[in-house]
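Here the structure comes first, spelled out in structure tokens, and everything after it is commentary.
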Amino acid sequence: MLLNHIGAGFYWIDPPRPDPKRQTRILSSSLNRRRASPPFPARHAAFHGVRMEKKGDKRRSICTADELHRVAVSNSDWKLALWRYRPSPEAPSRNHPLLLLSGVATNAIGYDLSPESSFARYMSAQGFDTWILEVRGAGLSTLGDSLEEDEECLKNFSKIDSVINDDIGESSASSATAVGLENLGASFVSEVPHMKRRGSEVVTKYKEMRLTTRFMEVLTRISERLAGFLNGDLLEGQNSAIAGQIKDFNRRLRGMIEGQRLFPAQILELQDRLSATLEEFQKQLELMVKYDWDFDHYLEEDLPAAMEYIRAQCQPRDGKLLAIGHSMGGILLYAKLSSCCFDGKDSGLASVVTLASSLDYTPSRSSLKLLLPLAEPTRALNIPVIPVGPLMATVHPLASYPPYVFSWLNSQISAQDMMDQNLFEKLVLNNFDTVPSKLLLQLSSVFQKGGLRDRSGTFFYKDHLHKSNVPVLAIAGDRDLICPPEAVYAETVKLIPEELVTYKVFGEPGGPHYAHYDLVGGRLAADQLYPCITEFLIHHDIV
């Protein structure tokens, strides 16, 4: 029944035309420019003062940019990923670096699908020092020194101290068993007397001190992280029984560390069972802690950290950046302009381009409205995450191959014949990530009266947009079912001072048509849309 309603709800929407009394500039879509010369090959990255991924590292191989940078976020353990595309030496020099922001639950891949279909490389070929930000939880961004590192350290103890393992390896390995989370604290203590009776005579005092010290360092790091997780309100709203078990484990663990009640023979026996326990325990922490952010975290922490880092790397003379945001990325830029106006601060942006973005969807017939009935159950059941990436990968075969049960989903992303099938599949299978429910719940306020609001529900981001002094190019797609043109124009573009805003709908009645992602990676975007964007950016690339 639900699928029938959803399938019937997607239809073409006539793009709105601006109020004739309002002199908002509308650019012609009949652009005859041809695509710029093919993007230059990726050069070897020159990393200066940034963390460089190892050449064979899986994450480095995923990144197709010239450089991969890491940016620490203040007051958090997150390290954001920044994909950098150096400007072509053959292009004119630009005054400002260019920041690209992706949509919700997406990563940098959408801006760089292939050498022949790359928004980022097109911009760098035009002379812009181009950066793609992957916000927390997206793509190659990481959550500090995760428990995985400590777990791996525990697993490798036998390699580090091979002699000790050779002496008592068999006896320790034979007794290793998994400990369940529900009995974690009690089991940890109950095993200590049993282990004390084994194998201590085969370890020299020097080896004993060395191994004990190393293991204590690992346990101390784990204990400190758990203590950090349990401080504040991070577990508020979670299952109280689980929270109590974690606190009990943390208390016992710290007690053992402080009392020096563990010795090498017991440690070797303990490492396997603790490693197995940590694996299960980590899954619990990821749901309760890792996916604990909302839109305001992106706006107040991630975006400023990335902008400050790019400024330090590129050193524009006026300290400003150019920025392009697709979908939620554009929403972030609108919210940045509005919040800076409210605070009386400079936004640090020389000009802004938004693609399929709006702060208020209430006047539109967006297909996302069909998902609103799921918001309350998600909130009531305290569902922590929405695995957008796995869901997209699961549904894709049913949408793209017979019997095409979910074929209507394809039009949500791209209009017919606007993307190569292989690139479309790469996009669907690689561009989406898992996100917290609280992020999507905050973003759902775009469908409520007044539009997007902050986490408190009292600050409406569009209320101060009319004070902005930053030039904006707002682009919509004629067949965008997610963010239709009327959403872009009616409640967002109209609020910006008319001398500063340019509004453009791409797509023609007889085709071609532009859906939500086609504005970034459609097959005609490089010929029709990209030149429009570069012309706008170059016009405002002044100091």
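Sequential numbering of the sequence shown, starting at 36, is according to the numbering used here.
Positions of the beta carbon are idealized from the N, C-alpha and C atoms, including for glycine.
Just reading off the alpha helix (DSSP H) that residue i is part of, what are its end residues?
i	result
Val108	Taken as a continuous stretch (DSSP letters only), Val108 belongs to no alpha helix (DSSP H), as it is neither H nor E.
Ile573	Tyr565 to His574
Tyr538	First-last for Tyr538: Val536 to Phe541, but that is the beta strand (DSSP E), not the alpha helix (DSSP H).
Thr429	Val423 to Ser435
Leu464	Gln456 to Asn465
Ile345	Leu338 to Cys349
Give me the Cα-Cα distance between residue i and residue j, rounded to the nearest whole angstrom.
i	j	result
Cys376	His431	42 Å
Ala525	Pro422	32 Å
Ala385	Val440	46 Å
Ala143	Gly485	31 Å
Leu134	Pro127	18 Å
Thr177	Val106	10 Å
Asp513	Asp378	35 Å
Leu500	Pro437	47 Å
Ala560	Val507	19 Å
Thr537	Ile510	8 Å
Arg558	Pro544	18 Å
Asp562	Tyr157	11 Å
Gln456	Glu151	14 Å
Leu357	Leu405	34 Å
His332	Asp101	28 Å
Pro425	Tyr326	16 Å
Glu125	Asp576	18 Å
Val108	Pro566	34 Å
Leu368	Trp113	21 Å
Lys539	Tyr120	27 Å
Leu535	His574	12 Å
Lys355	Ile448	32 Å
Ala450	Val420	29 Å
Can you give me the Cβ contacts of residue i inside the same chain, cut-off strictly under 6 Å, excluding the 5 residues immediately before and after it?
i	result
Asp147	Thr99, Ser153 and Ala155
Thr413	Ser472
Asp515	Ala391, Ala550 and His551
Asn465	Ile144
Asp164	Pro122, Pro132 and Cys349
Ile568	Val388
Ile359	Leu135 and Val388
Gly179	Asp112
Would the beta-carbon of residue i be found less than 7 Å away from any heavy atom of the ligand HEM?
i	result
His104	As far as ligands go, the structure on display features none, and thus does not contain the ligand HEM.
Residue i lies in the beta strand (DSSP E); which residues open and close that run?
i	result
Asp147	Asp147 to Ser149
His361	Leu356 to His361
Val388	Leu384 to Leu390
Thr469	Thr469 to Pro471
Glu533	Where Glu533 is concerned, there is no enclosing beta strand (DSSP E), given that its DSSP letter is neither H nor E.
Thr165	Thr165 to Glu169
Ala511	Val507 to Gly512
Leu136	Leu133 to Leu136
Determine, using beta carbons only, whether residue i and residue j come nearer to each other than 8 Å.
i	j	result
Leu403	Ile517	yes
Leu168	Ala341	yes
Met453	Pro547	yes
Asn130	Val505	no
Met427	Val470	no
Val139	Ser480	no
Gly593	Val555	Outside the displayed range of the chain (36 to 578) lies residue 593, so it cannot be described from this structure.
Pro519	Ser446	no
Phe541	Leu564	yes
Leu103	Trp118	yes
Pro408	Pro132	no
Ile586	Trp166	Outside the displayed span of the chain (36 to 578) sits residue 586, for which this structure offers no information.
Phe482	Tyr396	yes
Leu458	Ser149	yes
Give every residue of the same chain whose Cβ lies closer than 8 Å to the Cβ of residue i, excluding the five residues on either side of it in the sequence, and list them in chain order.
i	result
Gly91	With a pLDDT of 47 at Gly91, under the threshold of 50, the modelled position of that residue is not reliable, and no figure is offered here.
Pro398	Glu521, Ala522, Ala525 and Glu526
Leu444	Val430 and Ala434
Glu460	His431 and Ser435
Ala370	Phe330, Leu334, Leu394, Leu487 and Tyr496
Quick check on residue i - is its C-beta less than 8 Å from some C-beta in chain C?
i	result
Glu102	Among the protein chains of the structure shown there is no chain C, as only one such chain exists.
Since residue i contacts residue j with CB under 8 Å, what's their CB separation in whole angstroms?
i	j	result
Ser123	Ala160	5 Å
Thr141	Asp468	7 Å
Lys497	Leu394	4 Å
Asp329	Arg171	That pair is no contact at about 11 Å.
Val387	Leu372	7 Å
Leu334	Ser374	7 Å
Ala410	Leu476	6 Å
Ile531	Ser503	6 Å
By Cβ distance, which residues of its chain are closer than 7 Å to residue i, with the 5 residues on each side in sequence left out?
i	result
Ser111	Glu336
Asp489	Asp331
Ser442	Ala434
Glu570	none
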